[in-house]
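Here the sequence shown is numbered in this note's numbering, starting from 1304 and rising by one per residue. Yeah, the Cβ is synthetic: ideal placement off N, Cα and C, and Gly gets one too.
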Amino acid sequence: MTGPSVVDLRSDTLSRPTPGMREAIAAAEVGDDVYGEDPEINALEAEVAALLGHEAALFCPTGSMSNVLGVRSLVPVGQEVLCDSMAHIVRAELGSHAVVGQVTTRTWQSDSGRLDADVALGMAVPDAGAYFVSTAAIAVEDTHNFGGGTVQSVDELRRLRAGADALGVKVHFDGARLWNAHVATGLPLAEYGALADTISVCLSKGLGAPVGSVLVSSAERIAEARVWRKRLGGGMRQAGILAAAGRYALKHHIARLADDHARAQQLAVALAGVDGSIIEPDRVRTNIVASTWPTATAAQAFIAGCAAENIRVGAVGSRVVRLVTHLDVDQAGADRAAEALPAIAKQALVAS
Ligand SMILES: Cc1ncc(COP(=O)(O)O)c(C=O)c1O
């Protein structure tokens, strides 16, 4: 007898291309993108630029590359980008902004990655002279991954934009999951687009494409980023087969993110029923449930208990375990997890 199938909640990067997406990949017309001749990539770039209301876009292999290209296009060598201390650009891009962009970072503390525009703007020191580092840009992550899929307040984003404009400081969005924020708030993508100078969006997270991110900005910045992409080894030739997957995802997989959000809420409610200090369901608004355990031992016991039930979850801190819903977690999978989690959580709390 075989056991129940695996419900893999470690990340939304784990989803595999759907049959429809595979058909789109198979049907893609391709050319050499370094020559600017891949029709799928050209179409994808035009579509994403239009969606976000920017002049131009650049298809990149990863969100990390797209963030690096975006930030370096805004921040001169030796100047700084400000962001929160849990931001992906400072926690999980392995120093690339320093190594490649030669920029420095300063961070603020946040509540689950939530932007407080006053805090960010209060740290900004443009044109600092010869003694302090000058601030060139502020980066905001929306939704916020390690914060638990946190959706930024649109009012705070607007206040940041206005304040940054007044200071002459640029704004970068790490919008790896901007699609989830858009579905959660209902704010049109073009309105998000107006709130930043450069935006990186990922096709390979909740949208379910196998590979790919897109940087949008002005035509001038994107032209320069195209040079830097090649410089970093990111010129990808007949990558239209990947762009085709991305275009398919944009058409078919944005609205369905609401299902992922509802399933994450279901998991959060199941865990909160055991102990409200593990997770507050009201704070889960998208597809990420960042559960906090009283001790590292309890967190490890929870992960092991889940694994024993063929449910995979992953640690993103010593006491923080992340559960992420995505295209490959259907309603039956979410139901099975929600049913199993309370007993596993109780056992884990006993272990702590
Ligand atoms: C918020 C955020 N930004 C950027 C990235 C980087 O994307 P990639 O893994 O494609 O480099 C990730 C990846 O998980 C992410 O969660």
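Can you list, in chain order, the residues of its chain with a C-beta nearer than 6 Å to that of residue i? Leave out the 5 residues immediately preceding and following it.
i	result
Arg1462	Ala1420
Ser1369	Cys1363, Ser1503, Ser1516 and Leu1518
Gln1569	Ala1637 and Ala1641
Gln1541	Val1333
Leu1418	Val1443, Gln1455 and Glu1459
Ser1521	Glu1358
Arg1588	Val1454 and Ala1487
Ala1646	none
Give the DSSP-derived three-state secondary structure of residue i in the structure shown.
i	result
Arg1540	coil
His1391	helix
Leu1510	coil
Ala1477	According to the sequence shown, residue 1477 is Asp rather than Ala. Residue state, collapsed to three classes: strand.
Ala1431	coil
Val1454	coil
Arg1615	strand
Leu1674	Residue 1674 cannot be examined here, being either before or after the span of the chain that is shown, 1304 to 1655.
Val1310	strand
Val1403	coil
Val1337	helix
Residue i lies in the alpha helix (DSSP H); which residues open and close that run?
i	result
His1682	Past the boundaries of the shown model lies residue 1682; the chain is included only from 1304 to 1655, so the question cannot be answered.
Asp1458	Val1457 to Leu1470
Val1519	Counting along the chain, Val1519 falls outside any alpha helix (DSSP H), though it belongs to the beta strand (DSSP E) covering Ser1516 to Ser1520.
Ala1610	Ala1599 to Ala1611
Gly1323	Pro1322 to Ala1330
Val1436	No alpha helix (DSSP H) holds Val1436; DSSP gives it neither H nor E.
Ala1497	No alpha helix (DSSP H) holds Ala1497; DSSP gives it neither H nor E.
Ala1646	Gln1634 to Ala1654
Ala1593	Element bounds for Ala1593: not the alpha helix (DSSP H) but the beta strand (DSSP E), Ile1591 to Thr1595.
Leu1347	Pro1342 to Leu1355
Asp1658	In the structure as shown, the chain starts at 1304 and stops at 1655, and residue 1658 therefore has no counterpart that could be examined.
Ser1376	Gly1366 to Leu1377
At what residues does the beta strand (DSSP E) containing residue i begin and finish?
i	result
Thr1410	Thr1407 to Trp1411
Ile1502	Thr1501 to Cys1505
Ala1360	Ala1359 to Cys1363
Leu1626	Val1623 to Val1627
According to the Cβ coordinates, are residue i and residue j closer than 8 Å?
i	j	result
Gly1398	Gly1450	no
Gly1404	Val1436	no
Val1280	Val1624	The structure shown does not extend to residue 1280, since the chain is modelled only from 1304 to 1655, so the question has no answer here.
Lys1473	Ala1431	no
His1475	Thr1501	yes
Thr1488	Val1457	yes
Ala1651	Ala1604	yes
Ala1546	Glu1340	no
Near residue i, what residues of its chain come up, given a Cβ to Cβ distance below 8 Å and the 5 sequence neighbours on each side ignored?
i	result
Ser1621	Ala1599 and Ala1602
Between residue i and the rest of its own chain, which residues show a CB-CB distance below 7 Å, the 5 nearest in sequence each way excluded?
i	result
Met1539	Asp1336 and Pro1364
Glu1326	none
Glu1523	none
Lys1508	Asp1315, Thr1316, Ala1479 and Arg1480
Met1304	Note that Met1304 has pLDDT 45, beneath the 50 cutoff, so the model's placement of it is unreliable and no number is given.
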